[in-house]
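Protein chains in written order, with the numbering used here: chain A, 10 to 250; chain B, 518 to 762.
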Amino acid sequence: MNSAIVTEHLVVVRGGRPILRDVSLQVATGSVTGLLGPSGSGKTTLMRAIVGAQRISGGSITVLGRPAGDRVLRSQIGYVTQAPSVYGDLSVTENLRYFARIVDAGDERIAAVLTTVGLDRHAQRLVATLSGGERARVSLATALLHEPPLLILDEPTVGLDPLLREELWATFHDVAHQGGTLLISSHSMEEAEECDALLLLREGALLAADTPDGLRARTGEHDLGRAFVRLVTDQQRAAAA
Amino acid sequence: MSARRTLATAGRVLRQIRHDPRTIALVLVVPPLLLALMDALLDGRPQAFQHVGPPLVGLFPFIVMFLVTSIAMLRERTTGTLERLMTLPLAKLDLLAGYGLAFGVLACAQATVAAAVAFGLLGLDASHGVLLVTVLAVANALLGMALGLFVSAFARTEFQAVQFMPALVMPQLLVCGLFVERSQMADWLQSVSQALPLTYAYDALARAVSPGQLGADFAFDVVVVVVVAVLALALGAATLRRSTA
Chain A
10 MNSAIVTEHL
20 VVVRGGRPIL
30 RDVSLQVATG
40 SVTGLLGPSG
50 SGKTTLMRAI
60 VGAQRISGGS
70 ITVLGRPAGD
80 RVLRSQIGYV
90 TQAPSVYGDL
100 SVTENLRYFA
110 RIVDAGDERI
120 AAVLTTVGLD
130 RHAQRLVATL
140 SGGERARVSL
150 ATALLHEPPL
160 LILDEPTVGL
170 DPLLREELWA
180 TFHDVAHQGG
190 TLLISSHSME
200 EAEECDALLL
210 LREGALLAAD
220 TPDGLRARTG
230 EHDLGRAFVR
240 LVTDQQRAAA
250 A
Chain B
518 MSARRTLATA
528 GRVLRQIRHD
538 PRTIALVLVV
548 PPLLLALMDA
558 LLDGRPQAFQ
568 HVGPPLVGLF
578 PFIVMFLVTS
588 IAMLRERTTG
598 TLERLMTLPL
608 AKLDLLAGYG
618 LAFGVLACAQ
628 ATVAAAVAFG
638 LLGLDASHGV
648 LLVTVLAVAN
658 ALLGMALGLF
668 VSAFARTEFQ
678 AVQFMPALVM
688 PQLLVCGLFV
698 ERSQMADWLQ
708 SVSQALPLTY
718 AYDALARAVS
728 PGQLGADFAF
738 DVVVVVVVAV
748 LALALGAATL
758 RRSTA
């Protein structure tokens, strides 16, 4: 079985409200898998559940062969939250050095990840003085330090200029070519094009799991955004009938 | 637990403080200024100044570290860094010990400056030595840190967190025996005083700066301060969750 992540009948209820309803999915090892859906569809909750930060109400999650939240997984997952979670009152390098010590990454990795996210020139800047996009890149860089086999990235490219976005996607594919697995959430259908596989989430339920081409074939729509709409309307029609 | 990660955390917290020179200046300068103010206020009543001055040297770090820790930990919670740390191979004890080390260093600096001013410039007496007062000050700082860490879990905003200072620290300061001797308090106030940790912190300091033997009572005071600090730290650790509902 070559799945980095498997969820079975996953249910998450928060504050009495179901956030994820019976989600069963798989993420193939060595793939770049896109997690797509409108905001409020449960993408972040699903990612938090996979990294073990979200308590689940039912079902199961297996990550790299272990139950989500297992202690061993803490050194194997790179998790980047949607809001940059780095220290604003430290410089870029000071942030990276701290996280490098925690994940046992060597100092040479700091320069390497700075280049990857295109922040070499800002290494000594205080994070609080960076722009939102730059701060997001510092946050991403910290997750790349120990080259974890699994990367969970929550909207990592929001607010980035197109050139840098393209470079980051090239990096993501490099990581996957070397055997790494990436689960990347986005609400941009443009980015869906970049993924090997897509998971479409809507109102806490899995609407479809397919490749971009598979999705096109299934819906007869060339544009992935339109394909998504088609899936939703088909489902609503089926429910009404 | 890993020494490397604990030290990395302590270094990180100290670096954050270093980027904030105004805070460092306030931490170091405010206690001596308040002591000087008190000296002026009690001009001509040296006995009164000798009664409140020396214990305050050891109590400032308690108050300051309580505040600093509750805000620092609240920030870790609200900016998402705590959640990230909890997904990484960092033991909760590494994080707490790292904070303890860093703030212990800060408390040491604060107590040293305050003690130098109090016992040097202002001519106060420390019968059992300035060093003992400084050591007690650091112990009190750790107690303040532990309590601050624990209560930060009950604050959603920084506004709420600062309110815990007057709510939880002021009453302890009022009934600890510094302003009114405990033997002169109403019975029920004496009982309240007896139940609060700062009373023991004050008592130890008062004994350390007065003539006479440091006996079993002093040892008991110190043990209470240390035990409560450890308990509060354990409670604080319980509020650091790897996963939330």
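Quick reminder that beta carbons are idealized off the backbone N, C-alpha and C, glycines included.
Counting contacts by CB-CB distance shorter than 8 Å, is A:GLN63 in contact with chain B? So yes, A:GLN63 belongs to the interface.
Would you call the stretch 125-145 of chain A and the stretch 97-108 of chain A touching, i.e. three or more CB-CB distances under 8 Å? Between the stretch 125-145 of chain A and the stretch 97-108 of chain A there are three or more C-beta pairs closer than 8 Å, enough to call the two in contact.
Below 7 Å CB to CB, which residues in the same chain sit around B:GLY621 once its five sequence neighbours on both sides are set aside? Excluding sequence neighbours, B:GLY621 sits near VAL655, ALA658 and LEU659.
Name the chain B residues that come within less than 7 Å of A:ASP98, Cβ to Cβ? GLN533, HIS536 and ASP537
At the level of alpha carbons, what is the spacing between B:ALA628 and B:LEU552? 12 Å
Verify the CB distance criterion: does B:GLU600 have a CB-CB separation below 8 Å to chain A? Taking Cβ atoms only, chain A reaches closer than 8 Å to B:GLU600, which makes this a yes.
Label B:SER708 either buried or exposed according to how many other C-beta atoms from any shown protein chain fall within 10 Å of its C-beta, with 16 as the threshold for buried. B:SER708 is exposed by the Cβ-count criterion.
Sort B:LEU545, B:GLN533 and B:ALA589 by Cα distance to B:LEU664 and report the nearest one. Among B:LEU545, B:GLN533 and B:ALA589, the Cα nearest to that of B:LEU664 is on B:ALA589.
List, in order along the chain, the chain B residues whose C-beta lies closer than 8 Å to that of A:THR54? Result: empty, since nearest Cβ-Cβ is about 11 Å, beyond 8 Å.
Check whether the Cβ atoms of A:ILE161 and A:VAL60 lie closer than 8 Å to each other. yes
Answer with yes or no whether the minimum CB distance from A:ILE111 to chain B is below 8 Å. At a cut-off of 8 Å between beta carbons, A:ILE111 contacts chain B.
Check whether the Cβ atoms of B:VAL697 and B:TYR717 sit closer than 8 Å, and answer yes or no. no
Thinking just about the alpha-carbon of each residue, which of B:ALA643, B:MET682 and B:MET687 is nearest to the one in B:LEU722? B:ALA643
Can you list, in chain order, the residues of the stretch 603-615 of chain B whose Cβ is nearer than 9 Å to any Cβ on chain A? MET603, THR604, LEU605, PRO606, LEU607 and ASP611
Indicate whether at least one CB of chain B lies closer than 8 Å to the CB of A:ALA13. no
Given this structure, state the Cα-to-Cα distance separating A:ARG239 from A:ARG225, to the nearest angstrom. Using only the alpha carbons, I get a separation of about 10 Å.
Backbone CA spacing between A:VAL41 and A:SER50 [nearest angstrom]: Roughly 20 Å between the two C-alpha positions.
Can you confirm whether the stretch 29-46 of chain A touches the stretch 198-207 of chain A when touching is taken to mean that 3 or more C-beta pairs between the two stretches lie within less than 8 Å? With the cut-off at 8 Å, the stretch 198-207 of chain A and the stretch 29-46 of chain A touch.
Residues of chain A with a CB under 7 Å from the CB of B:SER760: which are they? What B:SER760 touches in chain A: GLY61, ALA62, GLN63, ARG64 and GLY78.
Contact check, A:ARG227 vs B:LEU605 under 8 Å by CB: the rounded distance? The pair is not a contact, with the Cβ atoms about 39 Å apart (cut-off 8 Å).
Under 8 Å, with one C-beta from each stretch per pair, do the stretch 747-758 of chain B and the stretch 664-673 of chain B reach the 3-pair mark? yes
Please give the ranges of any alpha helix (DSSP H) in the stretch 553-607 of chain B, keeping only runs that are unbroken, at least 4 residues long and fully inside the region. 563-595 and 598-603
Does B:ARG594 get closer than 8 Å to chain A when you measure Cβ to Cβ? By this cut-off, B:ARG594 is not an interface position.
Run through the DSSP bridge pairs and tell me what A:ILE86 is partnered with. A:LEU159
Residues in the stretch 14-28 of chain A having any Cβ partner in chain B nearer than 7 Å: ARG23
What are the residues that DSSP puts in a beta bridge with A:GLN35? Residue pairing by DSSP places A:GLN35 opposite A:VAL15 in a beta bridge.
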